[in-house]
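Number of protein chains: 2
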Amino acid sequence: MFKVRALNQAAIKEILDMKTVIEKVEEAFVMKEKFQGELFPVVFHEFESGVADMDIESGHIKGADLFGLKLVSCFSENKEKDLPQLIGTVMVFDGNTGVPKGILNGQYIANMGTGAAAAIGAKYLARKSSKTLLMVGTGNQALYQIAATLMVMPNIEKVYLYNPRANERANTFKDEISKRLTEEFLKPYIKNSKLFDEYKEKFDVYFEVVESIEEATKKADIIITAAPSKEAIIKKEWVRPGTHFTCIGADMSGKQEIDESILVDSILFTDDIKQSMTSGEAEKAIKNQLIYKEDYKGEIGAVILDFAKGREQENDITVFDSTGIALQDLIIANYALEMAKEKNIGDLFNL
Amino acid sequence: MFKVRALNQAAIKEILDMKTVIEKVEEAFVMKEKFQGELFPVVFHEFESGVADMDIESGHIKGADLFGLKLVSCFSENKEKDLPQLIGTVMVFDGNTGVPKGILNGQYIANMGTGAAAAIGAKYLARKSSKTLLMVGTGNQALYQIAATLMVMPNIEKVYLYNPRANERANTFKDEISKRLTEEFLKPYIKNSKLFDEYKEKFDVYFEVVESIEEATKKADIIITAAPSKEAIIKKEWVRPGTHFTCIGADMSGKQEIDESILVDSILFTDDIKQSMTSGEAEKAIKNQLIYKEDYKGEIGAVILDFAKGREQENDITVFDSTGIALQDLIIANYALEMAKEKNIGDLFNL
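Chains as they are written, first to last, in the working numbering: chain A, -8 to 342; chain B, -8 to 342.
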């Protein structure tokens, strides 16, 4: 019989802070690059086309002695049932014995991990001097993207907000964001005045809702796209030299956010080349033979480890296609379980 | 937040009885045949060749409103750590909403389900008049195979026990089996004297350890093979007309228990044609082009539903290649969760 720990979203929120999550996701990227982390094939099943589906992503992080899976389902009719459409569950197993260690609600882990991954793209590929950030999409993910990116990019002064579908939502988002950054992302550092002050200052930027994506693109140093779009929102001719893109929204086949021709002349990195080619932002460019597998400069772990050069010149356009890999969730979940054990948080059960 | 139920092995033992498990596994086979049950691709990963591996089997039973997975790992070095080598975990999700329903220790579920599947093969393919059963392999699985088969085959009088590797184990097994059948399989019917008496009588058979597999094969009406063998234990020339085989042991590529030529002239059924061809008892016969996909008369659900004829004549040799499908585990796990809810068994946790 095994003692297994369950962590719900509230428990996980108590434990995770974005600085640590960024460190952990960097570790996952590094381990993947060093063949200490491996993704297993994704199982995808559509219960009803366009209405309900699920996938099981799994993998092994040898470097962290764990393996596991996340199962994410999307039932669009849950809305009417007062249930979340997306439900994620993460399971972590001991990599040396197979003993189950924990089961965790996957939602907050995915939000934090996706934000961290986006920021890591900017940290290693954007110009250090970047002053402006354009956030495309103001849904659930946007807050995490912005928080993490502000934490790693010290010179951002202005964040443009753009919602491709309903700009009144961008306004609502803008009205709340400073408060939410403070409440949700500063709280963990309340006992560490140095970090608290550092991030407080970093979060103190100017937010502006933009009506014209063209104008905003022309002014942005860093552009993060996290919109569930099926066609390009950003055209190539708007993009100025030196821009960095982190693309988050293309999480399954058929999705796209930036013009595929942008990828042709860019320095292109991703978290997993296979996923990027088949279901990521690069899918269309690959299909149309605008770019090939050889056009990836590598996976992001190579830049972190200095195995590959990221940006070469100030004028380069860089792209990080963040498809989202299970190793992110697993390494964060494992950290949460370790902290929960120390702090005696969560429900223990017998299995 | 979801209330999720965890059931460990002791809790599951309190709930399951073999009669119900046989009914549930039959239901799973029937649903698969009616396209109300579907297997997803298996994820298999070897951590270290021959030392440690894991697989994730998953599927959807529309007819039972559930989907889910079982993760089974095998770490051979666990022996020295006082841990089970095989560790199985089953997760069940609501098929209409994706809400997690429960997490269960998979060991007892797999044992019971595998026993039930073997018995279902005999029930629908063996001669009703079968009097002798030969059990090849006396490991962990044998008890469940024998219990379930005796429950569905009313005329068995004698059970031959054969252990291909160490026959002294067959002796130990024989010394204990009557007691174990009574203690582990009759107990659930203690309040139902009709069933109790029925099964008590069915379990009252003569057990005999055999030294010669050839002699035993020549006397057996039903042969169940559950030995982790890599080459044929049973030769074709020993098999008498009318024999039924249920083959359990070939659960991964490279395993085999009966001579592949037996399959050529037999009436062949399985639980999943794809699994049987690639990793089941039929793998070698298929590879050597002794039989083809067309030689399967179908999956076992077709016989249960009377969509296909099983045995046609008393003299036919029938084979049920029981590869073990995740739908078995899922339907049993779901039943266990429902009963546990009624009886207030198990640990509830928040996810």
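Beta carbons are placed, not taken as given, at the ideal position from N, Cα and C, and that holds for glycine. Just so you know, these numbers come straight off a predicted model, no measurement behind them.
Boundaries of the alpha helix (DSSP H) in which residue i is found, first to last residue
{"i": "residue 184 of chain A", "result": "184 to 194"}
{"i": "residue 166 of chain B", "result": "158 to 171"}
{"i": "residue 101 of chain B", "result": "98 to 116"}
{"i": "residue 251 of chain A", "result": "251 to 255"}
{"i": "residue 213 of chain B", "result": "Careful: residue 213 of chain B lies outside any alpha helix (DSSP H), inside the beta strand (DSSP E) at 213 to 216."}
{"i": "residue 312 of chain B", "result": "No alpha helix (DSSP H) contains residue 312 of chain B, which is instead part of the beta strand (DSSP E) from 309 to 312."}
{"i": "residue 321 of chain A", "result": "317 to 334"}
{"i": "residue 267 of chain B", "result": "264 to 270"}
{"i": "residue 277 of chain A", "result": "274 to 278"}
Distance CB(residue i)-CB(residue j) smaller than 8 Å
{"i": "residue 65 of chain B", "j": "residue 101 of chain B", "result": "no"}
{"i": "residue 214 of chain A", "j": "residue 294 of chain A", "result": "no"}
{"i": "residue 50 of chain B", "j": "residue 74 of chain B", "result": "no"}
{"i": "residue 140 of chain B", "j": "residue 109 of chain B", "result": "yes"}
{"i": "residue 165 of chain A", "j": "residue 177 of chain A", "result": "no"}
{"i": "residue 204 of chain B", "j": "residue 227 of chain B", "result": "no"}
{"i": "residue 83 of chain A", "j": "residue 62 of chain A", "result": "no"}
{"i": "residue 263 of chain B", "j": "residue 323 of chain B", "result": "no"}
{"i": "residue 98 of chain A", "j": "residue -8 of chain B", "result": "no"}
{"i": "residue 208 of chain A", "j": "residue 125 of chain A", "result": "yes"}
{"i": "residue 201 of chain A", "j": "residue 153 of chain A", "result": "yes"}
{"i": "residue 199 of chain A", "j": "residue 225 of chain A", "result": "no"}
{"i": "residue 342 of chain B", "j": "residue -3 of chain A", "result": "yes"}
{"i": "residue 290 of chain B", "j": "residue 25 of chain B", "result": "no"}
{"i": "residue 246 of chain B", "j": "residue 267 of chain B", "result": "no"}
{"i": "residue 233 of chain A", "j": "residue 306 of chain A", "result": "yes"}
{"i": "residue 52 of chain A", "j": "residue 321 of chain A", "result": "yes"}
{"i": "residue 175 of chain B", "j": "residue 111 of chain B", "result": "no"}
{"i": "residue 347 of chain B", "j": "residue 288 of chain B", "result": "Outside the displayed range of chain B (-8 to 342) lies residue 347 of chain B, so it cannot be described from this structure."}
{"i": "residue 292 of chain B", "j": "residue 21 of chain B", "result": "yes"}
Rounded Cβ spacing between residue i and residue j (contact assumed at less than 8 Å)
{"i": "residue 180 of chain A", "j": "residue 8 of chain A", "result": "7 Å"}
{"i": "residue -5 of chain A", "j": "residue 94 of chain A", "result": "7 Å"}
{"i": "residue 19 of chain B", "j": "residue 318 of chain B", "result": "4 Å"}
{"i": "residue 59 of chain A", "j": "residue 27 of chain A", "result": "The Cβ separation is near 15 Å, so there is no contact."}
{"i": "residue 3 of chain A", "j": "residue 327 of chain A", "result": "5 Å"}
{"i": "residue 117 of chain B", "j": "residue 261 of chain B", "result": "That belief does not hold up - the Cβ atoms of residue 117 of chain B and residue 261 of chain B are roughly 16 Å apart, past 8 Å."}
{"i": "residue 251 of chain A", "j": "residue 281 of chain A", "result": "6 Å"}
{"i": "residue 105 of chain B", "j": "residue 211 of chain B", "result": "Actually they are not in contact, since the Cβ atoms of residue 105 of chain B and residue 211 of chain B sit about 20 Å apart, beyond 8 Å."}
{"i": "residue 138 of chain B", "j": "residue 172 of chain B", "result": "6 Å"}
{"i": "residue 336 of chain B", "j": "residue 301 of chain B", "result": "Between residue 301 of chain B and residue 336 of chain B the Cβ distance is about 38 Å, and since that is not below 8 Å, they are no contact."}
{"i": "residue 340 of chain B", "j": "residue 340 of chain A", "result": "5 Å"}
Limits of the unbroken beta strand (DSSP E) element including residue i
{"i": "residue 38 of chain A", "result": "34 to 39"}
{"i": "residue 86 of chain A", "result": "Premise fails: residue 86 of chain A is in no beta strand (DSSP E) and is neither H nor E."}
{"i": "residue 18 of chain B", "result": "Counting along the chain, residue 18 of chain B falls outside any beta strand (DSSP E), though it belongs to the alpha helix (DSSP H) covering 9 to 24."}
{"i": "residue -5 of chain A", "result": "-6 to -2"}
{"i": "residue 344 of chain B", "result": "This structure cannot settle anything about residue 344 of chain B, because the visible part of chain B is limited to -8 through 342."}
{"i": "residue 46 of chain B", "result": "43 to 52"}
{"i": "residue 204 of chain A", "result": "That residue, residue 204 of chain A, is in no beta strand (DSSP E); its alpha helix (DSSP H) goes 204 to 210."}
{"i": "residue 150 of chain A", "result": "149 to 153"}
{"i": "residue 29 of chain B", "result": "28 to 30"}
{"i": "residue 292 of chain A", "result": "That residue, residue 292 of chain A, is in no beta strand (DSSP E); its alpha helix (DSSP H) goes 291 to 295."}
{"i": "residue 341 of chain B", "result": "338 to 341"}
{"i": "residue 177 of chain B", "result": "No beta strand (DSSP E) holds residue 177 of chain B; DSSP gives it neither H nor E."}
{"i": "residue 61 of chain A", "result": "57 to 66"}
{"i": "residue 123 of chain A", "result": "123 to 127"}
Buried or exposed (CB count within 10 angstroms, at least 16 for buried), residue i
{"i": "residue 91 of chain B", "result": "buried"}
{"i": "residue 156 of chain B", "result": "exposed"}
{"i": "residue 276 of chain B", "result": "buried"}
{"i": "residue 313 of chain B", "result": "buried"}
{"i": "residue 121 of chain B", "result": "buried"}
{"i": "residue 240 of chain B", "result": "buried"}
{"i": "residue 338 of chain A", "result": "buried"}
{"i": "residue 167 of chain A", "result": "exposed"}
{"i": "residue 96 of chain A", "result": "buried"}
{"i": "residue 193 of chain A", "result": "buried"}
{"i": "residue 206 of chain B", "result": "exposed"}
{"i": "residue 15 of chain A", "result": "buried"}
{"i": "residue 159 of chain B", "result": "exposed"}
{"i": "residue 256 of chain B", "result": "exposed"}
{"i": "residue 272 of chain A", "result": "buried"}
Own chain partners of residue i with C-beta closer than 8 Å, once the 5 adjacent residues on each side are dropped
{"i": "residue 45 of chain B", "result": "35, 36, 38, 62, 63, 64, 65"}
Same chain, Cβ closer than 7 Å to residue i, five either side skipped, listed in chain order
{"i": "residue 103 of chain A", "result": "7, 9, 12, 135, 323"}
{"i": "residue 222 of chain B", "result": "247"}
Same chain only: Cβ atoms within 6 Å of residue i, ignoring 5 sequence neighbours per side
{"i": "residue 69 of chain A", "result": "76"}
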